[in-house]
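Taken in order, these protein sequences are the chains called A and B. Quick note, the numbering used here runs 66 ahead of the 1-based positions in the first sequence. Quick note, the numbering used here runs 66 ahead of the 1-based positions in the second sequence.
2 protein chains.
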Amino acid sequence: MVDDSLRKGIGDIKPYIPGKSARDAKLEFNVESVVKLASNENPFGPSPKAVEAMKETLKALAVYPDQTSIELREALSTRLGVDKDCLIVGNGSDEIMQLAAATFLSAGEECLISENTFSVYEFATKLFDGEAVFVPLKDYKYDLEGFARAVTDKTKLVWLCNPNNPTGTAFSQSELDQFLAKLPKKAITIIDEAYMEFAETGGFPESLEYVKKGKNVIVLRTFSKFYGLAGLRVGYGAAKPDIVKYMNLAKLPFNVNRLAVKAGIAALDDKAFAEKTKRTNSEGKKHLYAELKKLGVAFQRTEANFIFIDVKRNCDKVFMEMMRQGVIIRPLASFGFGEAIRVSIGTGEQNMRFIEALKKVLRK
Amino acid sequence: MVDDSLRKGIGDIKPYIPGKSARDAKLEFNVESVVKLASNENPFGPSPKAVEAMKETLKALAVYPDQTSIELREALSTRLGVDKDCLIVGNGSDEIMQLAAATFLSAGEECLISENTFSVYEFATKLFDGEAVFVPLKDYKYDLEGFARAVTDKTKLVWLCNPNNPTGTAFSQSELDQFLAKLPKKAITIIDEAYMEFAETGGFPESLEYVKKGKNVIVLRTFSKFYGLAGLRVGYGAAKPDIVKYMNLAKLPFNVNRLAVKAGIAALDDKAFAEKTKRTNSEGKKHLYAELKKLGVAFQRTEANFIFIDVKRNCDKVFMEMMRQGVIIRPLASFGFGEAIRVSIGTGEQNMRFIEALKKVLRK
Chain A
67 MVDDSLRKGI GDIKPYIPGK SARDAKLEFN VESVVKLASN ENPFGPSPKA
117 VEAMKETLKA LAVYPDQTSI ELREALSTRL GVDKDCLIVG NGSDEIMQLA
167 AATFLSAGEE CLISENTFSV YEFATKLFDG EAVFVPLKDY KYDLEGFARA
217 VTDKTKLVWL CNPNNPTGTA FSQSELDQFL AKLPKKAITI IDEAYMEFAE
267 TGGFPESLEY VKKGKNVIVL RTFSKFYGLA GLRVGYGAAK PDIVKYMNLA
317 KLPFNVNRLA VKAGIAALDD KAFAEKTKRT NSEGKKHLYA ELKKLGVAFQ
367 RTEANFIFID VKRNCDKVFM EMMRQGVIIR PLASFGFGEA IRVSIGTGEQ
417 NMRFIEALKK VLRK
Chain B
67 MVDDSLRKGI GDIKPYIPGK SARDAKLEFN VESVVKLASN ENPFGPSPKA
117 VEAMKETLKA LAVYPDQTSI ELREALSTRL GVDKDCLIVG NGSDEIMQLA
167 AATFLSAGEE CLISENTFSV YEFATKLFDG EAVFVPLKDY KYDLEGFARA
217 VTDKTKLVWL CNPNNPTGTA FSQSELDQFL AKLPKKAITI IDEAYMEFAE
267 TGGFPESLEY VKKGKNVIVL RTFSKFYGLA GLRVGYGAAK PDIVKYMNLA
317 KLPFNVNRLA VKAGIAALDD KAFAEKTKRT NSEGKKHLYA ELKKLGVAFQ
367 RTEANFIFID VKRNCDKVFM EMMRQGVIIR PLASFGFGEA IRVSIGTGEQ
417 NMRFIEALKK VLRK
């Protein structure tokens with residue numbers, strides 16, 4: 067047996083529960099025509115410019131990537147107005163979450179984590195022997211006043227998800243300003259903005275300004291959602307140079323593949339794709355709001371590319387019945403909501419297919 | 067400052083020193099025509115079948131990868147005759163090194179590491195607060211008897227590189243058998259076989275047999291070298307199901323990109339490419355041996371796709387002068403050899419270019 071050999075902490079880690087795939091739908095449910103609205107992926111696929119850039123790089127793949135993804139950092143630097151020494155690229159932004167903990171979290175230090183949020187914050191905390199301190203949501207929103215009250219002299223990392231996955235709610239610049247002012251100096255705040263490109267309501271934090279001012283903040287962004295590159299694995303962090311320098315020490319040398327670097331650069335440049343993605347999401351959101359209201363179903367208004375729906379019945383049963391209709395959504399029990407689901411906003415057609423399926427399932 | 071905030075251990079980590087790239091050669095040395103023989107990459111690029119498989123997957127990249135790279139594990143399972151529950155795929159095999167430490171290494175436990183070997187073993191050890199215990203090479207070879215003498219009741223991980231990077235030497239099945247028999251039960255041996263496909267001398271360990279017998283062994287292989295996919299990031303580990311199950315808990319959910327899975331499957335199947343790679347390496351090796359003998363330069367016979375050369379003068383100076391000739395090799399100071407270099411075996415033409423440049427440099 068190897069159980070006795072385990073590192074302390076590993077036994078406490080809960081397995082990640084991913085959205086089901088089309089493959090799962092076919093294998094487990096014998097469903098052929100499937101709409102996957104479970105993982106907040108871009109319904110248009112990757113940007114055509116990114117696809118072209120990758121094609122041109124395929125034959126160069128025998129060569130190792132640059133250790134710090136310099137070309138993508140240069141492109142991001144220009145785009146964001148942040149020095150390239152303030153940028154670190156990861157194999158998905160979740161790798162940067164792990165790096166933040168690896169670099170800064172010592173055993174027994176406390177990490178503030180919201181309840182009902184993305185699970186990798188808790189994963190990274192436990193992996194490096196931190197103590198997770200949970201703060202409840204307030205009306206489905208991050209409660210930054212609650213976070214402030216949970217601060218102690220052991221607080222080291224603060225994990226914020228904005229907009230929040232899975233509720234779609236966002237906190238504002240002023241809420242964040244007030245919270246950060248109350249933090250002790252040694253604490254580092256990680257702001258995961260995986261969905262920020264979809265946010266529409268005013269007042270969304272200009273988080274890179276904290277980076278430029280040298281605050282202890284790590285802003286995380288990804289190419290997985292808005293840019294349609296979830297399958298390629300590429301995200302990035304922005305932080306002051308000292309933070310980035312040390313995170314690089316904790317990083318494996320060749321963490322980001324060469325195609326990810328090229329595709330990321332091209333995707334940043336594809337304005338037509340970005341415009342279509344944003345417009346479709348915005349229209350889809352309004353359409354879904356209207357349809358959900360007709361069905362009399364409670365939901366949260368979203369700043370992201372998914373909607374949190376309060377189905378008020380066992381979410382795993384709803385998931386199974388939706389699956390039989392060929393629509394894959396995410397049941398939210400693993401996020402701590404036993405009676406809610408999350409649906410990604412898709413194309414107009416996908417959204418209608420979801421609504422039709424939901425109608426049938428809720429009628430039962 | 068963030069220095070006070072660092073996790074214990076991070077300050078001890080030495081930055082990884084990669085091989086220089088063609089980009090570096092152009093930027094730093096103003097050299098246009100460059101032969102890169104610094105990182106043991108396949109001179110033929112990736113397998114054409116892998117390139118085709120990737121092309122077909124580009125448009126599907128908006129979708130997340132499978133969490134356990136199931137399709138590649140299935141292909142590997144068939145190929146290797148090892149159950150798929152004994153396989154774990156990584157973002158390069160170096161990710162599995164990190165996972166092994168994350169899963170099994172507790173603070174203060176000892177890890178046996180050879181001197182003059184691949185640096186990620188020490189990195190992973192320090193990242194998880196292990197104590198590195200170094201064992202010298204013996205005649206440029208891993209000294210497994212020396213390893214056995216270094217075992218204590220605190221020994222947890224044993225890191226073996228076979229063939230060894232950068233000396234190219236390999237230990238045999240019987241040496242390994244004798245060593246493993248002396249290990250305490252809770253110790254886990256990681257056998258990094260990144261270059262095993264190039265080994266030609268008889269007696270190379272059938273390491274997967276240990277896995278099949280349920281020993282505490284993790285065998286690591288990669289698609290970066292023989293299969294020409296270093297830029298894509300994909301490697302794997304084989305170990306008994308208990309070990310794999312726990313390493314999966316320490317793993318980020320979507321560690322391997324979708325293209326890596328498809329390319330890996332296709333590359334395994336490309337027999338013509340494998341045959342060409344093996345033959346070219348074997349011929350190049352003999353050619354280089356002969357030329358190096360003519361030059362009167364000491365070298366080690368290799369079981370890999372690189373040759374260790376004892377230049378008996380400052381390796382960084384040799385590196386710089388070779389760079390000016392447009393040939394990038396690896397100076398081995400960071401491996402603990404101040405007067406040796408490592409050159410990858412390339413195509414016939416690349417090998418000649420290396421020899422011509424070396425002649426000029428050594429003549430000075």
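All C-beta atoms in this analysis are idealised placements derived from N, C-alpha and C, irrespective of residue type, glycine included.
Relative to the C-alpha of residue i, which candidate in the options has its C-alpha closest?
i        : options                                : result
A/LEU146 : A/SER159, A/ALA91, A/LEU93, A/GLY303   : A/GLY303
B/VAL241 : B/PRO271, B/ILE162, B/ILE254, B/ALA260 : With the sequence shown as reference, residue 241 of chain B is identified as Glu, and Val is not the correct amino acid for it. Among B/PRO271, B/ILE162, B/ILE254, B/ALA260, the Cα nearest to that of B/GLU241 belongs to B/PRO271.
B/GLY414 : B/LYS351, B/GLU181, B/ALA316           : B/LYS351
A/PHE339 : A/LEU295, A/TYR312, A/GLU357, A/LYS121 : A/LEU295
A/LEU142 : A/ARG345, A/LEU315, A/ILE331           : A/ILE331
B/ALA88  : B/MET262, B/GLN391, B/ARG429           : B/GLN391
B/VAL363 : B/VAL427, B/LYS150, B/LEU315, B/LYS204 : B/VAL427
B/LEU298 : A/THR218, A/LYS207, A/THR123, A/ILE83  : A/THR123
A/ALA370 : A/GLU263, A/ASP243, A/PRO81            : A/GLU263
A/VAL97  : A/SER410, A/GLU387, A/VAL283           : A/GLU387
A/ILE179 : A/SER159, A/GLU161, A/ARG215           : A/ARG215
A/LEU315 : B/SER113, B/GLY77, B/ASP151            : B/GLY77
B/ARG379 : B/ARG367, B/ALA399, B/MET389, B/VAL393 : B/ALA399
B/THR218 : B/LEU318, B/LEU226, B/LYS251, B/LEU203 : B/LYS251
B/PRO229 : B/THR191, B/LYS311, B/TYR208           : B/TYR208
B/ARG429 : B/MET313, B/GLY75, B/GLN416, B/VAL384  : B/VAL384
A/PRO307 : A/ILE154, A/PHE95, A/GLN133, A/PRO131  : A/ILE154
B/ASP376 : B/VAL393, B/GLY402, B/HIS353, B/MET389 : B/GLY402
B/VAL129 : B/LEU325, B/GLU140, B/GLY85, B/ALA423  : B/LEU325
B/GLU266 : B/ILE256, B/PHE245, B/VAL409, B/ALA236 : B/ALA236
B/GLU176 : B/ASN108, B/ARG419, B/LEU203, B/LEU249 : B/LEU249
A/ALA423 : A/PHE365, A/THR368, A/LEU358           : A/LEU358
B/LEU127 : A/LEU72, A/VAL300, A/GLN244, A/VAL148  : A/VAL300
A/TYR261 : A/THR134, A/GLY404, A/ARG287           : A/ARG287
A/SER185 : A/PRO112, A/GLY85, A/PHE420            : A/GLY85
A/GLN244 : A/PRO232, A/GLY268, A/TYR276, A/TYR293 : A/TYR276
B/ARG73  : A/THR346, A/ASP160, A/LEU223, A/PRO112 : A/LEU223
B/LYS337 : B/ASP90, B/LYS92, B/LYS115             : B/LYS115
B/PHE189 : A/PRO319, A/GLU405, A/PRO397           : A/PRO319
A/GLU349 : A/LEU334, A/ASP335, A/THR368, A/ASP69  : A/THR368
A/TYR355 : A/PRO397, A/ILE411, A/MET389, A/VAL393 : A/ILE411
Have a look at the DSSP bridge pairing and note the partners of residue i.
i        : result
B/ALA364 : B/ASP376
B/SER410 : B/PHE372
A/GLU176 : A/GLU197, A/THR221
B/GLY303 : B/ILE154, B/LEU286
B/ARG419 : Per DSSP, none; premise fails for B/ARG419.
A/ILE162 : Paired residue(s): none; A/ILE162 is not in a bridge.
B/PRO397 : B/ILE407
Rounded to the nearest angstrom, how far is the Cβ of residue i from that of residue j, given a contact under 8 Å?
i        : j        : result
B/LYS278 : B/LEU361 : About 45 Å separates the two Cβ atoms, so there is no contact after all.
A/ASN27  : B/ASN323 : Here chain A has residues from 67 to 430 only, and residue 27 of chain A is not among them.
A/ILE395 : A/ALA104 : 6 Å
A/ALA167 : A/PHE194 : 4 Å
A/LYS291 : A/ASN106 : 6 Å
B/LEU210 : B/ASP258 : Not a contact, Cβ separation roughly 14 Å.
(request) Could you pull out every unbroken beta strand (DSSP E) segment of at least 3 residues lying fully inside the segment 181 to 264 of chain B, listed in chain order? (result) Fully enclosed beta strand (DSSP E) runs of 3 or longer: 197 to 201, 221 to 227, 254 to 258.
(request) Return the chain-ordered ranges of every alpha helix (DSSP H) run that is complete within the segment 89 to 127 of chain B and spans a minimum of 4 residues. (result) 114 to 123
(message) Please list, in chain order, the residues of the segment 292 to 311 of chain A that have any C-beta partner in chain B closer than 7 Å.
(response) GLY294, LEU295, ALA296, GLY297, LEU298, ARG299, ASP308, ILE309
(request) Please list the residues of the segment 163 to 177 of chain A that have a C-beta atom closer than 7 Å to any C-beta atom in chain B, keeping them in chain order. (result) Listed in sequence order: GLN164, ALA168, THR169, PHE170, LEU171, SER172.
(message) Please list, in chain order, the residues of the segment 321 to 344 of chain A that have any C-beta partner in chain B closer than 9 Å.
(response) ASN321, VAL322, ASN323, ARG324, LEU325, ALA326, ALA329
(request) Would you list, in chain order, the members of the segment 248 to 261 of chain B that have their beta-carbon closer than 8 Å to a beta-carbon of chain A? (result) LYS252, ILE254
(request) Note down, one range per segment and in chain order, each beta strand (DSSP E) of at least 3 residues found wholly within the segment 323 to 360 of chain B. (result) none
(message) Give me the subset of the segment 364 to 386 of chain A whose CB atoms are less than 7 Å from a CB atom of chain B, sorted by chain position.
(response) Of all residues in the segment 364 to 386 of chain A, none is placed with a Cβ closer than 7 Å to any Cβ belonging to chain B.
(request) Anything in the segment 73 to 87 of chain A with a Cβ closer than 7 Å to a Cβ of chain B? List those residues in chain order, please. (result) ARG73, LYS74, ILE76, ILE79, PRO81, TYR82, PRO84, SER87
(message) Along the segment 144 to 160 of chain A, where does the CB come closer than 9 Å to a CB of chain B? Name the residues.
(response) ASN157, GLY158, ASP160
(request) Residues of the segment 122 to 133 of chain A with a CB closer than 9 Å to any CB of chain B: list them in chain order, please. (result) THR123, LEU124, LYS125, ALA126, LEU127, ALA128, VAL129, TYR130, PRO131, ASP132, GLN133
(message) So if I threshold CB-CB distances at 7 Å, which residues from the segment 400 to 422 of chain B count as touching chain A?
(response) none
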